[in-house]
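First residue of the sequence shown: 1, per the UniProt record's numbering; consecutive thereafter.
Glycine included, every Cβ here is placed at the ideal spot set by N, Cα and C.
Working notes, structure below.
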Amino acid sequence: MDFSDMEKVVYGGNVEEDEELLAELLALQQEEEAKQRRSAPPMPARAAPPPPPKIKGGVPLGVDPALLASALADDVDVDESALENDPDLLAELSGLIGSSDVETPATPARVSQPSVAVDTALIGRLRGLLSVYEKMLAASTKEGNDVKQRRHQRTVDRLKELISKAERGETIDESEIPPAPPSFSTPANDAPSPAPTAAAPRPPPIPQRRSSSGLGPGSSAEPPPPIPQRTSSSSLPPKSPERSTESKKDQILAVLKRRRDLYVSNGKAAVAAMDKTAAKHYVETAKMFDQVGRTWYGVLMNYEKYSLIDHLVVPLNIN
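Structure representation (structure tokens):
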């Protein structure tokens, strides 16, 4: 079986003579061209595309003839500038690169011109010379001395030129400055005034002490309060021995109870930490305190001879 027989079996006739198939291929071609015209910028008019070439021979098995015809009929003569400016193509390329939008080239930052330092002291000196020479020019003009007038006029013009150069920040050589007259002195206003320093805070005034002798008979100042008298220990009533004994007994019992409570709290902490040995030790020691409180109550009255507090060590709080 050759390709023509296979074509007849699959498509039921000759593909080249199928008018419906050719019309469908032509419609697909026109649709693709319309898409390209919408996406691409306007291009100069060109000649109409040639008609789709006819497929010679049989179509291989497994190939769609419509797709094959549209691929063959595709216009490969595409303007490169249209491809470069195609937004769909640019978006697809940017997605492949990993960027959502096309990166624009960074514009170089404008370098600001450095500010020119102006010598204010030199400008003040030149202005002082200018004012002096202007006064000398007026005096020579009034006298009618043409030689001095021309010399002073040249000096005034030279000083004006130097002031303009100094204000622009240009360097001025000391030899370019005209010599100052003997009576010239730098005016105080042109010199830069020092910055005012903040005044140091003054301490508060010390209050005056008033002596008791300085008060007059008619003074309304209140007299100082009387000094309280100290009571001697001999004037206090003696403490009874029974009260002192009771207070000592209460202090010892309070110490025993406080130390027992510490051992109990340490035992609870050891139980929470799953340390059975330490918990057993703390519980037994706490029971010893209870036994001391019940059995040796009478011994505590004579604690100077035998004190159990010295034998029971203060536990370390492990909480």
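Exercise for review: Have a look at residue 144 and residue 117 and give me their C-alpha separation to the nearest angstrom.
Suggested key: For residue 144 and residue 117, the distance between alpha carbons rounds to 42 Å.
Check your understanding: According to DSSP, is residue 141 helix, strand or coil?
Key -> Residue 141: helix per DSSP, three-state reduction.
Review point. Applying the criterion that 16 or more other CB atoms from any shown protein chain within 10 Å of the CB defines a buried residue, is residue 168 buried or exposed?
Key: With fewer than 16 Cβ atoms within 10 Å of its Cβ, residue 168 is classed as exposed.
Review point. Within the present structure, is the beta-carbon of residue 281 separated from the nearest heavy atom of the ligand NAD by less than 8 Å?
Key: In the structure on display, the ligand NAD does not appear, and there are no ligands present to speak of.
Review point. Rounded to the nearest angstrom, how far is the Cβ of residue 256 from that of residue 292, given a contact under 8 Å?
Key: Their Cβ separation, rounded to whole angstroms, is 6 Å, which keeps residue 256 and residue 292 in contact under 8 Å.
Check your understanding: Per the contact definition of three or more C-beta pairs closer than 8 Å, is the stretch 82-97 in contact with the stretch 119-131?
Key -> For the pair of segments examined, the stretch 119-131 was found not to touch the stretch 82-97: the number of CB pairs separated by less than 8 Å stays below three.
Check your understanding: Measuring CB to CB, does residue 166 end up less than 9 Å from residue 137?
Key -> Inclusion of residue 166 and residue 137 in the CB contact set at 9 Å is not warranted, their separation being larger than that value.
Point to revise | Three-state secondary structure (DSSP) of residue 118 | key: Coil, per DSSP.
Exercise for review: Please state whether DSSP places residue 171 in a helix, a strand or coil.
Suggested key: Residue state, collapsed to three classes: coil.
Review point. Taking just the CA atoms, how far does residue 251 sit from residue 270?
Key: When rounded, the separation of the alpha-carbon atoms in residue 270 and residue 251 is 29 Å.
Point to revise | Nonlocal neighbours in the same chain, by C-beta distance under 8 Å from residue 156, ignoring five residues either side | key: Answer for residue 156: 130, 133, 134, 137, listed in chain order.
Practice item. Report the option in 23, 286, 161 whose CA atom is closest to the CA atom of residue 65. Key: Minimum Cα distance to residue 65 is reached at 23.
Review point. Going by beta carbon distance, what residues of the same chain come within less than 7 Å of residue 176, once the five residues before and after it are set aside?
Key: Non-local beta-carbon contacts of residue 176 in its own chain, meaning distances under 7 Å to residues more than five positions away in sequence, involve 162 in chain order.
Practice item. Between the Cα of residue 29 and those of 69, 19, 119, 18, spot the shortest distance and give me the residue it belongs to. Key: When only C-alpha atoms are compared, the closest one is 69.
**Study point:** Buried or exposed (CB count within 10 angstroms, at least 16 for buried), residue 285
**Key:** Answer is buried; the Cβ neighbour count reaches 16.
Practice item. Leaving out five residues on either side along the sequence, give the residues of the same chain with a beta carbon under 6 Å from the beta carbon of residue 189. Key: Its pLDDT being 46, under 50, residue 189 is placed unreliably in this model, and the coordinates cannot settle the point.
Exercise for review: Would you give the residue range spanned by the alpha helix (DSSP H) that residue 97 belongs to?
Suggested key: According to the DSSP assignment, residue 97 belongs to the alpha helix (DSSP H) that extends over 87-97.
Review point. Can you check whether the CB of residue 290 is closer than 9 Å to the CB of residue 260?
Key: Remark: C-beta atoms of residue 260 and residue 290 approach each other more closely than 9 Å.
Check your understanding: Ordered along the chain, which non-local residues of its own chain (more than five positions away) have a Cβ less than 8 Å from that of residue 153?
Key -> Excluding positions up to five away in sequence, the list reads 137.
Review point. In terms of residue numbering, what span does the alpha helix (DSSP H) encompassing residue 23 cover?
Key: Here the alpha helix (DSSP H) through residue 23 covers 19-39.
Point to revise | Whole-Å CB distance - residue 267 paired with residue 279, under 8 Å assumed | key: With a Cβ gap of about 5 Å, residue 267 and residue 279 count as contacting.
Review point. Rounded to a whole number of angstroms, what is the C-alpha to C-alpha distance between residue 20 and residue 97?
Key: Using only the alpha carbons, I get a separation of about 43 Å.
**Study point:** Cα-Cα separation between residue 148 and residue 119, rounded to whole angstroms
**Key:** Straight-line Cα distance between these residues: approximately 31 Å.
**Study point:** Contact belief for residue 159 with residue 181 at Cβ below 8 Å, rounded distance in angstroms
**Key:** Actually they are not in contact, since the Cβ atoms of residue 159 and residue 181 sit about 13 Å apart, beyond 8 Å.
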